[in-house]
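Enquirer:
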Amino acid sequence: MTAGTPERVREKLSAVQIPRREFLLGTLATTAALSPVSAVARPERADVIVVGAGLSGMYAAMLLAEAGASVLVLEANDRTGGRVLTADSFAGQPEMGASQIGPSYARVRDVARRLDIKLAPGANIYDRYCFIVDDTLIRPAEWESSPLNRTVGEERVIPPHTLTGHYLQHANPLKTLNDWLKPEFQRYDMSLYQWLKHQNASDAAIQIIDEGLVDPGVHGVSLLTQLQEVTRSLLEVETATAMIDETDDLDTYQRFSLTSSHVVGGSSRYTEAMAARLGDRIRLNQQVAAIDQSDAGCEVTCTDGSRFVGGHVICAVPFSVLRHVRMRPLLTGAQAEAVAVMPYGRQSQVWMEVKRPYWEDDGIEGSMWGNGPLTLIRQQIEPDGSRTVLGALAIGRKGTALDRLPPAERGQFVLDYLARMRPSTKGNLEVTGVFSWAEAAHVHGCRHSFRPGEVSRFADAMIKPHGRIHFAGEHTRRLEVGMEAAMESGERVAIEILERTLT
């Protein structure tokens, strides 16, 4: 199975393109029965109502509109983009969320071409890492022999921030992109901790890996979802095998960065272009409170009382949001459980401007991995070679702890911590902003996760249409990861609706 084939998809969509009158007769002609109200309160009508104006929701809307359907997209925020967000007000315009476009992200690249969105090489490129372990700064060359390196045997030569990739790539049983969904691989739907023990990882290595994971940690995350991401990412780096030979000390994710592209001007320019294509089909500040459906159609009610009627609804929001939307009839079984319990990770960010290159003062690499209150301190290298942005990330439980501080105090906490751990940073950094996905309105987390056993139970069940309601979003991925997974899901639900309308 291949990654993305947008040309073939558009051919399929073209083949099933529905005349406007026929689509209306097939979906909306009977929805009037849902809304016997006066003209004053008459709801807006469309063939399809999309909940959520992120990548998946807007891509589905674009495909359906191109096929002849009328579409309305309801977004609770005052902006489009979902977890694509460029902090334009921060120095250097850093990315708060999605930013990497892999070389085989076919759908993402196809839309960029069609909407004239400019891409350029490289994404998330950072200086090499030194390490802060037990409040001690360690140079990379000193890691293997450091008494603070408590790993054993061959592990000792592996930089701590690459241990996760090392163990996931080692003996990875997945060979194709959909292996993680096959019954014969369900035995790997165990905890990451169990896998690491099977691979004879030391307790120290497991602790290091746990330090860097988004919730819920090595005991609470399914190995299968981790293997799926590594398998898909390896496809990206295989397109640049010459580069791999030059980056042996980098893990899969770092190599992925080198082979990826970024959106010129910031990732938000990408979703803004999609929103511009959809135009007045998008309604901002429309938080959905309820979705009611019958054989005739669906009615969506927002918290401000506005109502929208359509033949089908696409829920393209994280389950952390969807679980607060009332549905009638109710979801049932594994699908209902997935929506109710799927965990979403915490990532608290502090962004700084580098006033003076502190790494030149102490002669140590600019980025830092740590087992203290901060997981990663990443010194960003821009495509033009400039190095003025530093981002500190507290991930998982560390993010929870950092978020307990008022936003105004988080920046000073990070500055004080770095000044103690690495004196060369003192006076050379200025906080330009803070951000937390767990606190982001109408998002509530930086990414989804599956607990052990939940890939087998949830992955297929949770994406099945619930009557006229369809489910999209990066969390409903099948073959892809990241931005391409979101687009993949939008494509899937668009085709589901078009095929059902014609039958």
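For the sequence shown, my numbering begins at 715 and goes up steadily by one.
Think of the CB as a built atom: it goes at the ideal place given N, C-alpha and C, for glycine as much as any other residue.
So for residue 899, helix, strand or coil by DSSP?
Expert: Residue state, collapsed to three classes: helix.
Enquirer: Would you call the segment 1106-1125 and the segment 1072-1089 touching, i.e. three or more CB-CB distances under 8 Å?
Expert: Yes, they touch.
Enquirer: Under three-state DSSP, which class holds residue 1061?
Expert: Of the three classes helix, strand and coil, the one that applies to residue 1061 here is strand, per DSSP.
Enquirer: For residue 1180, count the other beta carbons within 10 Å of its own beta carbon; 16 or more makes it buried, fewer makes it exposed. Which is it?
Expert: Residue 1180 should be labelled buried.
Enquirer: Does the Cβ of residue 791 have 16 or more other Cβ atoms within 10 Å, making it buried, or fewer, making it exposed?
Expert: The residue in question, residue 791, is buried, as its Cβ has 16 or more Cβ neighbours within 10 Å.
Enquirer: Among 872, 981 and 1196, whose alpha-carbon lies nearest the alpha-carbon of residue 818?
Expert: Comparing Cα-Cα distances from residue 818 to each of 872, 981 and 1196, the minimum goes to 1196.
Enquirer: Please state whether DSSP places residue 1164 in a helix, a strand or coil.
Expert: Three-state DSSP puts residue 1164 in coil, outside helix and strand.
Enquirer: Can you give the Cα-Cα distance for residue 1000 and residue 798, rounded to whole angstroms?
Expert: Rounded to the nearest angstrom, the two C-alpha atoms are 19 Å apart.
Enquirer: Would residue 1187 and residue 1031 qualify as a contact pair, given that the criterion is a beta-carbon distance under 8 Å?
Expert: Yes, these two residues count as a Cβ contact at 8 Å.
Enquirer: Starting from residue 982, trace the beta strand (DSSP E) both ways and give me its first and last residue.
Expert: First-last for residue 982: 982-992, but that is the alpha helix (DSSP H), not the beta strand (DSSP E).
Enquirer: Taking 8 Å as the cut-off, decide whether the C-beta atoms of residue 1029 and residue 1183 are in contact.
Expert: A contact, by the Cβ cut-off of 8 Å.
Enquirer: Assuming residue 1066 and residue 1104 are in contact, meaning their beta carbons sit under 8 Å apart, how far apart are those beta carbons, in whole angstroms?
Expert: Indeed they touch by this definition, with Cβ atoms about 4 Å apart.
Enquirer: So which of 1099, 1198 and 1153 has the shortest CA-CA distance to residue 1121?
Expert: Minimum Cα distance to residue 1121 is reached at 1153.
Enquirer: Provide the residue span of the beta strand (DSSP E) that contains residue 913, from first to last.
Expert: Segment: none, residue 913 is in no beta strand (DSSP E) and carries neither H nor E.
Enquirer: Span of the alpha helix (DSSP H) holding residue 1033?
Expert: Looking at the DSSP string, the run of the alpha helix (DSSP H) that includes residue 1033 is 1033-1036.
Enquirer: If you check the beta carbons only, do residue 901 and residue 1048 fall under 8 Å apart?
Expert: No.
Enquirer: For the alpha helix (DSSP H) holding residue 1074, just list the boundary residues, first then last.
Expert: 1072-1076 is the extent of the alpha helix (DSSP H) around residue 1074.
Enquirer: Apart from the five residues on each side of it in sequence, which residues of its chain come closer than 7 Å, Cβ to Cβ, to residue 1211?
Expert: Closer than 7 Å at the Cβ level, and outside the excluded window around residue 1211, lie 762, 778, 1026 and 1184.
Enquirer: Quick check on the burial criterion: 16 or more other C-beta atoms within 10 angstroms. Buried or exposed for residue 1061?
Expert: Classification for residue 1061: buried.
Enquirer: From residue 1168 to residue 1056, what distance separates their C-alpha atoms?
Expert: So the two alpha carbons sit approximately 9 Å from each other.
Enquirer: Mind checking who residue 1013 pairs with in its DSSP beta bridge?
Expert: Paired residue(s): 1006 and 1023.
Enquirer: How would you label residue 1142, buried or exposed, when you count the other beta carbons within 10 angstroms and need 16 or more for buried?
Expert: By the 10 Å Cβ count, residue 1142 comes out buried.
Enquirer: From the DSSP output, which residues share a beta bridge with residue 1105?
Expert: For residue 1105, which the question treats as bridged, DSSP gives the partners 1065 and 1092.
Enquirer: Could you pull the DSSP bridge partners for residue 976 from this structure?
Expert: DSSP output for residue 976 lists 834 as bridge partner(s).
Enquirer: Could you check which residue in 1073, 770 and 919 has the C-alpha nearest to that of residue 1198?
Expert: The candidate whose alpha carbon is nearest that of residue 1198 is 770.
Enquirer: Does the Cβ-Cβ distance between residue 1201 and residue 843 come in under 8 Å?
Expert: Result no, Cβ atoms of residue 1201 and residue 843 do not sit closer than 8 Å.
Enquirer: Look at the Cβ atom of residue 888, then the Cβ atom of residue 942, and state whether they are nearer than 8 Å.
Expert: Taking 8 Å as the Cβ cut-off, residue 888 and residue 942 qualify as a contacting pair.
Enquirer: Within 10 angstroms of the Cβ of residue 850, are there 16 or more other Cβ atoms? Answer buried if so, exposed if not.
Expert: Residue 850 comes out exposed.
Enquirer: Quick one: grab the DSSP three-state call for residue 751.
Expert: With a pLDDT of only 40 at residue 751, under 50, the local geometry of the prediction cannot be trusted, and the value read off the model is given with reservation. Coil.
Enquirer: Going by C-alpha to C-alpha distance, which of 856, 1162, 1099 and 1101 sits closest to residue 870?
Expert: When only C-alpha atoms are compared, the closest one is 856.
Enquirer: Using DSSP's beta-bridge definition, name the partner residues of residue 800.
Expert: Paired residues: 809.
Enquirer: I'd like to confirm the pairing. Which residues does DSSP put opposite residue 787 in its beta bridges?
Expert: Answer is 764 and 996, bridged to residue 787.
Enquirer: Just mark residue 898 as buried or exposed, buried being the case when its beta carbon has 16 or more other beta carbons within 10 Å.
Expert: That one is exposed.
Enquirer: Taking DSSP as the reference, what is the three-state secondary structure of residue 1134?
Expert: It is helical.
Enquirer: Of the residues 991, 891, 987 and 1160, which one's Cα is nearest the Cα of residue 938?
Expert: Residue 891 is the option with its Cα nearest to residue 938.
Enquirer: May I ask you to report which of helix, strand or coil DSSP gives residue 1216?
Expert: It is helical.
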